[in-house]
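2 is the number of the first residue of the sequence shown in this note's numbering; add one for each residue after it.
Just so you know, even glycine gets a beta-carbon here, dropped at the ideal spot from N, CA and C.
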Amino acid sequence: LDLQVVLNQVVQEAMYLVKDSHEAHIYLYEDNQLVFGAALDEEGTKNRQVSKPRPNGLSIAVVRQKTTIVIEDMETDVLFANAPKIWRGSIIGIPLKMGERVVGIMNLVRSRKGEFTQAEIRLLTMLADQAAIAINNAHLHQAVNRQARSDTVTRLPNRRALDECLDEAIRHSNRSGLPFSVVMMD
């Protein structure tokens, strides 16, 4: 139910499913914008954002069209006209959807040019479907946790949040040897 763990696992599985994978990225679609979620490259580097989604690029096109887009050659495709020249190979962009609502996108870059096989596309689509469900579940879990730790009317932290904060402060004080104080107002 931890969102970052889910995202890291999905990019890892995507890299495993497609031969010659160079890197995989997930961007979450929140408040009408794409927010970096996770990344993995062929050398094992995790969560390094190579670039932000470009206004007329692949990621935005996938969100708008709500469909998978395959680019066989990034050097010659119009979606990559203003992209850095070092971007080479083929790429697939897959929407992560709950029903008709896009919750994110997953891009997988392959180092060589050419099409993705139907089997690769089918596997990545199944992974994307499961990822969308897991992302939605993680968001619901976060929302429930926030609600459990705050007053429903004022949205201020409640007693449960205070207990957790105090427990952490005590642990930190014990580790560091530093004192701490508590001030309470009602």
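Check                                                                                                                                                                                : Outcome
Let's see if you can read the secondary structure: which residues bound the alpha helix (DSSP H) around alanine 165?                                                                 : Going by the sequence as given, residue 165 is glutamate instead of alanine. Residues 160 to 177.
For the alpha helix (DSSP H) containing aspartate 130, name the first residue and the last one.                                                                                      : 119 to 149
Count the other CB atoms within 10 Å of the CB of lysine 98; is the residue buried (16 or more) or exposed (fewer)?                                                                  : buried
Mind checking who arginine 102 pairs with in its DSSP beta bridge?                                                                                                                   : Met99
How do the segment 100 to 111 and the segment 19 to 37 stand: do at least 3 beta-carbon pairs fall below 8 Å, yes or no?                                                             : yes
Is the Cβ-Cβ distance between asparagine 57 and asparagine 33 less than 9 Å?                                                                                                         : no
Round the Cβ separation of glutamine 211 and alanine 62 to the nearest angstrom and send it over; I've been treating them as touching at under 8 Å.                                  : For residue 211 there is no data in the structure shown, the boundaries of the chain being 2 and 187.
Leaving out five residues before and five after glycine 115 in sequence, what residues of the same chain have Cβ atoms less than 7 Å from its Cβ?                                    : Glu73 and Ser91
Give me, in chain order, the residues of the same chain whose beta-carbon lies closer than 7 Å to that of glutamine 13; leave out the 5 immediate sequence neighbours on both sides. : Leu41
Which stretch, first to last residue, makes up the beta strand (DSSP E) that contains isoleucine 72?                                                                                 : 70 to 72
From proline 96 to tyrosine 28, what distance separates their C-alpha atoms?                                                                                                         : 10 Å
Can you find at least 3 beta carbon pairs, one from the segment 2 to 16 and one from the segment 128 to 136, that sit closer than 8 Å?                                               : yes
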